[in-house]
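Before any comments, here is the structure.
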Amino acid sequence: MQQQFRVSPLRRWIPLLPVLCLILILTLPSLNTGFVSDDFVHLVEDINLPITQSSDKLHRPLRNILLKVEAATFDLNPVPYRLTMIGLYLLIIVLLYHFILQIGGQWIAAVTTVSLFGFFPRNHQVIFWFAAMQDLIVGVCFLLVASFFLKYRDTDKSKHYYAALLLFLIALGFKETAVAILPTLVIIEVYRNKSVNNLAHFKFWRAYIPFGIALCGFVLYVFADRWMNELQSVKTFHQFAGFINVIKLLGRYVINVLLPFSHPVELRELKYSLLLVFVLLETATIIIAALALERRRELFLAGGWLIINLIPVALFSFYNDRYLFIPFVGIAFLLGSLAERIVYWFGAFRFKLLPRMAVLGLLSVYLIVSMMRLYGYQARWREAAQEVKSVVSETARLYPQVPTGSTFYFINLTHSVSQGQIYVLNNGLDGALWAQGYDRSVKAVKIFKSDTPYQQDLTEKTLVCENDDEDPKFLNVSRHQYIFIYKEGELIDRSASECANSLVKESIMLHPEFWVN
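Here the sequence shown stands for residues -4 to 512, numbered as in the working numbering.
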């Protein structure tokens, strides 16, 4: 690296402070944001399950343990959970900054990388949604594993090695995608060594043997459990969708990395579209710049990091903004190293401030637009939490006590917003009701707001129904059934309407596919 940009170990951390302060300013307003969707599944519905079991049928025992501890400690007060998530996010920013310095980057590359990553608009789920906390913990473990492992290579001290191995095991206990840590470590070492020659020597691979054993054991455990579920006809949440779909999903992820300010783009939207031209130009520009500025190794590390960390989710999952959280680190690192190179190369000419101002200007534009996007996402997460609170609290106000085994029918609830990236009541409504004091035998059955004519027609017909004059106990309530319509922020009660009961009963019989337990 270039001598003229070297600064003292303490001073090179100073540029990180504005980034941390901006993230705090952006995230602190979310402290009182309530819970939605999977939050209630994790903190209420699954609380009595063994640590090896969860409603999503995923293999995350350490996540399950942590959730039980948090639920017992904080109950459903959102502030401690939000503070934990903000703290984890800031810790990842600090660790990423340190990692860039550790692999040879200077403060310009490091601060550019963490700025691009910290304000990446598609990180909104891991910032504002508590159910995505395991992604943050895996991110922390990921960077710590890399840091300790590289320290072990530099010092040959076993304490660093065992710390890396322990953190790798912890990451596996929180989320299956942590399997990508091991191959990512290999390409990081290839990048640092500036050669692939070491790959031919057993000495290089010897340190990876315990990691490989742990990884193989975890993979066997996961697939053995999946096999047992198949034998028992238990459907798991994530299923392998075939290699063609994996390739398509990988392409979709890469495209959405390159289009951070757009809605989640599907591949079919690129056909005969200016978006396709923009994506191709953007990709070509980044690759040409990396080659022209002699950043081939950085291009290798970025591309490898991106693809390796996308493969696990592409194999068994579907598109979600938060799945770009760790993969985007590779792209942010590449752009950060390009910024450093531009400042160095053009800084040798007469107008030394010009390249720095250009990089700072582009970064400032990115930060301004990103903060606006993230602020908008934060507002929509608050609105989602408010809808959940309105539905649940109004239900409890209308019927504070119901018989054991009662069923609540909700019509026209919101499944999700922002093209499915902000969840509202897609699940977790049972847990939200139980948290109000209802017995765990009480269930919620719901039909979501939709553009489907049938669902819109059912909503309008049920609204037209009026509660009958007779004592409600003689009607639906006597059947332990309660019917509500959610319309324009208001929960409308039709529990004493024989008309509404007939419509719901007929709908469930003729169109059960629209109703969700």
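Quick reminder that beta carbons are idealized off the backbone N, C-alpha and C, glycines included.
Who are the near neighbours of residue 499 in its chain, counting only those whose CB is closer than 7 Å to its CB and skipping five residues on each side?
404, 478
Less than 6 Å between C-beta atoms, sequence neighbours within five positions excluded: which residues of the same chain meet that for residue 408?
420, 441, 443, 481
For residue 510, three-class secondary structure by DSSP
strand
Sort 104, 363, 338 by Cα distance to residue 352 and report the nearest one.
338
Roughly how many whole angstroms lie between the Cα atoms of residue 52 and residue 427?
Put simply, the backbone Cα of residue 52 is about 20 Å away from that of residue 427.
Let's test the definition: count the other Cβ atoms within 10 Å of the Cβ of residue 461 and tell me whether it reaches 16, buried, or not, exposed.
With a threshold of 16 other beta carbon atoms within 10 Å, residue 461 falls short and is exposed.
Run through DSSP, which three-state label would residue 70 get?
coil
How about residue 112 and residue 136: do their beta carbons lie closer than 9 Å?
no
Quick one: measure Cβ to Cβ for residue 278 and residue 253, integer angstroms, because I've assumed they're closer than 8 Å.
Here residue 278 really is in contact with residue 253; their C-beta atoms are around 7 Å apart, less than 8 Å.
Residue 269 versus residue 487: straight-line alpha-carbon distance, rounded:
Roughly 45 Å between the two C-alpha positions.
Secondary structure of residue 480, DSSP reduced to three states:
strand
By a C-beta neighbour count over all protein chains shown, 10 Å radius and 16 as the cutoff for buried, is residue 166 buried or exposed?
Residue 166 is buried by the Cβ-count criterion.
Determine the closest residue to residue 354 out of 104, 191, 205, with distance taken between C-alpha atoms.
104
Below 8 Å CB to CB, which residues in the same chain sit around residue 216 once its five sequence neighbours on both sides are set aside?
54
Mind checking which residues open and close the alpha helix (DSSP H) that includes residue 98?
Run containing residue 98: none; DSSP gives neither H nor E here.
Ends of the beta strand (DSSP E) at residue 439?
Per DSSP, residue 439 belongs to the beta strand (DSSP E) from 438 to 443.
Using the Cα positions of residue 456 and residue 463, report the straight-line distance between them to the nearest angstrom.
15 Å
Residues near residue 209 by beta carbon distance below 8 Å, same chain, minus five either side
160, 163, 164, 167
Should residue 41 go down as buried or exposed, given a rule of 16 or more other Cβ atoms within 10 Å for buried?
When all chains shown are included, residue 41 counts as buried.
Leaving out five residues before and five after residue 382 in sequence, what residues of the same chain have Cβ atoms less than 7 Å from its Cβ?
409, 419
What's the gap between the Cα of residue 272 and the Cα of residue 131?
34 Å
Runs of alpha helix (DSSP H) wholly within the stretch 104 to 147 (minimum 4 residues, chain order)
As for any alpha helix (DSSP H) of minimum length 4 sitting wholly inside the stretch 104 to 147, the runs are 119 to 123, ordered along the chain.
Are residue 316 and residue 119 closer than 9 Å when you measure CB to CB?
yes
DSSP on residue 457, reduced to helix/strand/coil?
helix
Are the stretch 289 to 304 and the stretch 323 to 333 touching, with three or more C-beta to C-beta distances below 8 Å?
yes
Between which two residues does the alpha helix (DSSP H) carrying residue 349 extend?
348 to 393
Can you tell me where the alpha helix (DSSP H) holding residue 425 begins and where it ends?
424 to 429
Who are the Cβ neighbours of residue 69 in its own chain at under 7 Å, not counting the five residues just before and after it?
If you ignore the 5 residues before and after residue 69, its C-beta comes within less than 7 Å of the C-beta of 75, 76, all in its own chain and listed in chain order.
If you drop the 5 nearest sequence neighbours on each side, which residues of the same chain put their C-beta closer than 6 Å to that of residue 7?
102
According to DSSP, which residues form a beta bridge with residue 412?
417
If I follow the unbroken beta strand (DSSP E) through residue 46, where does it start and stop?
Careful: residue 46 lies outside any beta strand (DSSP E) and carries neither H nor E.
Chain-order list of residues whose beta-carbon lies under 7 Å from that of residue 398 (same chain, five-residue window excluded):
475
In chain order, what residues of the same chain lie with their CB nearer than 6 Å to the CB of residue 81, ignoring the 5 residues before and after it?
22
Going by DSSP, what residue range makes up the alpha helix (DSSP H) through residue 177?
176 to 188
To the nearest angstrom, how far is the alpha carbon of residue 384 from that of residue 29?
Rounded to whole angstroms, the gap between the alpha carbons of residue 384 and residue 29 is 8 Å.
Could you pull the start and end residues of the alpha helix (DSSP H) that residue 486 belongs to?
Residue 486 -> not in any alpha helix (DSSP H); beta strand (DSSP E) instead, spanning 485 to 488.
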